[in-house]
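Following: one structure in structure tokens, then a few remarks.
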Amino acid sequence: MSTRRARQREEARERQRAETKSEILGHARQLLVDEGPAAVSLRAIAREMGMTAPGLYRYYADHRELVQALTASLYDELAATLRHACDQAPEQSPRGRFAGTARALRTWALSHKPEFALIFSKPMPDADCAPGDPCHAASWRFGGVFVDLMTEFWRTGILSRPEPGTLDLDWLPQLEEMREHLGSEQPPLETLYVFVLAWSRLYGVVSVEVFGHLNFALTDPEPLFEHNLRDILELLQADPQDNQ
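If you're matching positions, the sequence shown starts at 1322 in my numbering and goes up one per residue.
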């Protein structure tokens, strides 16, 4: 009985610790949204929670660990949002799922601009997700949404290989490291080449809207986004009529 009670107490402590860590991240995110990345500090969070800054060190050892955890949580939230959109796409073909996922990325980014900026523009060094950093795995969980879509295109034969003469050999070999990271899935480098082109165009059109770089010309950038999405789908050998 005593062993069982000890286990229950330990489980209760673990739940309490997890809840406190989640609360800390919630305050960190609110500071990010309200005041910007420079405002995210253990001291500021401690004030919000009525704790001392040293008290927070039991949960996050330093600023970097806190920011890494926040960044990872945002990647995971975005990945879950995109997977839901992918699964709920009206047209359940690879191209329909890609279109639904791309639109969900834009929607999330526009409604979470400070969070989007943290995970993609890295406004502070502690948010960097280099290999070995805690948020690196989370960044790949996000990337895995689009990698899975690419794999669908590849395995169904919808995504055909580009003509050899059209490939830019200056950066094609760099994709070998990415292919190795995919584990058991080993698509041809030409497939990754097309995928990276498509992703760079999608990320580019979303980013310029999020950061206001189209304000000089457009009051409603959505038609431009849809135009670019059609171009991306054509690059992926898709028929844009399937997504209208």
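The C-beta atom is built at its ideal place from N, Cα and C for all residues, glycine as well.
Check	Outcome
Integer Cβ distance of L1403 from V1466, believed to fall under 8 Å	5 Å
Contact check, I1553 vs L1523, beta carbons under 8 Å	yes
Closest Cα partner of P1494 within the set L1480, E1332, T1512 and P1542	T1512
Neighbourhood of A1425 by C-beta distance below 7 Å, restricted to the same chain and skipping five residues each side	T1402, L1403 and A1406
Separation of Y1396 from G1347, as counted between CA atoms	15 Å
Where M1372 falls: helix, strand or coil (DSSP)	coil
Buried versus exposed call for H1502 [16 or more other C-beta atoms within 10 Å across all chains shown]	exposed
Coil, strand or helix - N1536 by DSSP	coil
Where P1544 falls: helix, strand or coil (DSSP)	helix
Start and end residues, alpha helix (DSSP H) containing I1440	K1434 to S1442
Local conformation of G1357 per DSSP, three classes	coil
8 Å Cβ cutoff met for Y1514 and L1556	no
Secondary structure of R1334, DSSP reduced to three states	helix
Enclosing alpha helix (DSSP H) for W1461 [first to last residue]	H1457 to T1477
Three or more C-beta pairs below 8 Å linking the stretch 1467 to 1484 and the stretch 1440 to 1451	no
Distance between P1452 and T1392 (C-alpha atoms, nearest Å)	14 Å
Length of the line joining the Cα atoms of P1561 and F1419	Only weak support exists for where P1561 lies, its pLDDT of 44 falling under 50; the value from the coordinates is given anyway. Using only the alpha carbons, I get a separation of about 11 Å.
Per-residue burial, W1492 [other beta carbons within 10 Å of its own, 16 or more giving buried]	exposed
Endpoints, alpha helix (DSSP H) assigned at A1406	H1384 to D1408
N- and C-terminal bounds of the alpha helix (DSSP H) containing G1525	L1510 to V1531
As assigned by DSSP and simplified to three states, the class of A1349	helix
Where the alpha helix (DSSP H) through L1496 begins and ends	L1496 to H1502
Backbone secondary structure at R1482 - three-state DSSP	coil
Helix, strand or coil at S1362 according to DSSP, with G and I counted as helix	coil
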